[in-house]
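Take a look at the structure below.
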Amino acid sequence: MTTVVMTGGTSGIGAVAAARLREAGARLLIGGRTAGDGVLRLDLADARSVRAFAATAADRLDGAPIDALVLNAGLSFATDRNRTADGVETTFAVNHLSQYLLLRLLLPRLAEGARVVLTSSSTHDPEHAGVLPAPRHADAALLADPDRDPARDPKRAGGHAYTASKLCNVLTVEALNTRAEARERRITAIAYDPGPTPGTGLSRDFSPGVKLVWTLLGSPLGRLMPRFSSRAAAGGTMARLALGEIEPPAGRRYVALRRGRPQWTDPSELARDPKARDALWNDSAAMLDLEA
Ligand SMILES: NC(=O)c1ccc[n+]([C@@H]2O[C@H](COP(=O)([O-])OP(=O)(O)OC[C@H]3O[C@@H](n4cnc5c(N)ncnc54)[C@H](OP(=O)(O)O)[C@@H]3O)[C@@H](O)[C@H]2O)c1
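Residue numbering for the sequence shown follows the working numbering, starting at 5 and increasing by one per position.
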């Protein structure tokens, strides 16, 4: 039986993926803010909760290796003013730092040949950021405390926190694929861009107007717009990536869903920068008191 540990499996794209994984017979452990059937308590805005979840998941697995780790949870705010209990900007903490922590804690428990799927977004790339501000950097110290960022634009700071966190997701995948512990155990990490997928919970912290537009675009009306992904296609592809039904071609680690089809392509230039990659890995480790 395939064992999958997952974040962000309770809503939107991830809930569809979780349903597909269950249908495929996978044993699924989901971390979510509301514990329930098959869902263990996990609040990514609190590093203690991440450590507790990793310990509980390990107990539940009772030595069974993890075949796929799906790090899909994510959120987006209109501002960068929110802080976690640890004083870290919340978008950076939830979308990157806590999932990096979970990855590091569960890495020793991954099976030989395991998959890690991290949900990024095309908005990490200046060429595809659309209405959102493109990320200017992936500097962990500045993203954790954006008030220190000399180029911070207060009007677009929430969007920048989101796109920069999605850049961090791609860089984390790039870094993991270079690590000896991943290579020796043939672990494959993939960064997944589901494409614009309206109708999910991602707009929950925005104004009623934005939420209404997002909901309408996620209705059958939105299907008239071919550049949008459906939740079924976005979640189904995530499940297939986790199950190894979609294999990356040699040298490819970034896959984008376009018109319902997975396309292996290059992430942004900054996402391919080895200095940014190594700095993010090492600085994230230092922030969490982990060895780099
Ligand atoms: N929709 C799009 O257009 C789009 C495009 C590109 C990338 N993405 C990415 O796709 C992923 C899924 O987004 P979605 O659109 O499906 O949105 P969604 O419906 O809001 O799903 C987000 C998931 O993240 C979880 N989550 C949020 N904050 C959390 C926290 N503090 N602790 C634990 N879990 C938390 C949510 O759990 P709760 O049930 O607890 O809220 C939910 O399961 C995100 O990483 C997003 O950035 C989305």
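Idealized CB from N, CA, C, for every residue including glycine.
Buried or exposed: where does residue i fall if 16 or more other Cβ atoms within 10 Å of its Cβ makes it buried?
{"i": "S211", "result": "exposed"}
{"i": "G222", "result": "buried"}
{"i": "M10", "result": "buried"}
{"i": "G29", "result": "exposed"}
{"i": "T14", "result": "buried"}
{"i": "M193", "result": "Checking the displayed sequence, the identity of residue 193 turns out to be Ala instead of Met. With 16 or more other Cβ atoms within 10 Å, it is buried."}
{"i": "L247", "result": "buried"}
{"i": "R52", "result": "exposed"}
{"i": "T176", "result": "buried"}
{"i": "D84", "result": "buried"}
{"i": "L294", "result": "exposed"}
{"i": "L267", "result": "Checking the sequence shown, residue 267 turns out to be Gln, not Leu. Counting Cβ neighbours within 10 Å, Q267 comes out exposed, since fewer than 16 surround it."}
{"i": "T269", "result": "exposed"}
{"i": "K170", "result": "buried"}
{"i": "M242", "result": "buried"}
{"i": "V135", "result": "exposed"}
{"i": "P137", "result": "buried"}
{"i": "A39", "result": "exposed"}
{"i": "A21", "result": "buried"}
So the alpha helix (DSSP H) residue i belongs to, where does it begin and stop?
{"i": "T182", "result": "A161 to T182"}
{"i": "V20", "result": "G16 to E27"}
{"i": "D63", "result": "A51 to L65"}
{"i": "R152", "result": "Segment: none, R152 is in no alpha helix (DSSP H) and carries neither H nor E."}
{"i": "R108", "result": "S102 to L110"}
Going by DSSP, what residue range makes up the beta strand (DSSP E) through residue i?
{"i": "M291", "result": "Run containing M291: none in the beta strand (DSSP E); it sits in the alpha helix (DSSP H), P278 to M291."}
{"i": "V121", "result": "L114 to T123"}
Give me the DSSP bridge partner(s) of residue i.
{"i": "M10", "result": "I34 and V74"}
{"i": "T44", "result": "At residue 44 the sequence reads Leu, which differs from the Thr that was named. Looking at the DSSP assignment, L44 forms a beta bridge with G35."}
{"i": "P266", "result": "L261"}
{"i": "E93", "result": "R87"}
Looking at residue i and ligand 3, is the gap between the Cβ and the nearest heavy atom below 6 angstroms?
{"i": "V98", "result": "This structure lacks ligand 3; its bound ligands are ligand 1."}
Which whole runs of the beta strand (DSSP E) in the segment 175-258 are 3 residues long or more, in chain order? 192-197
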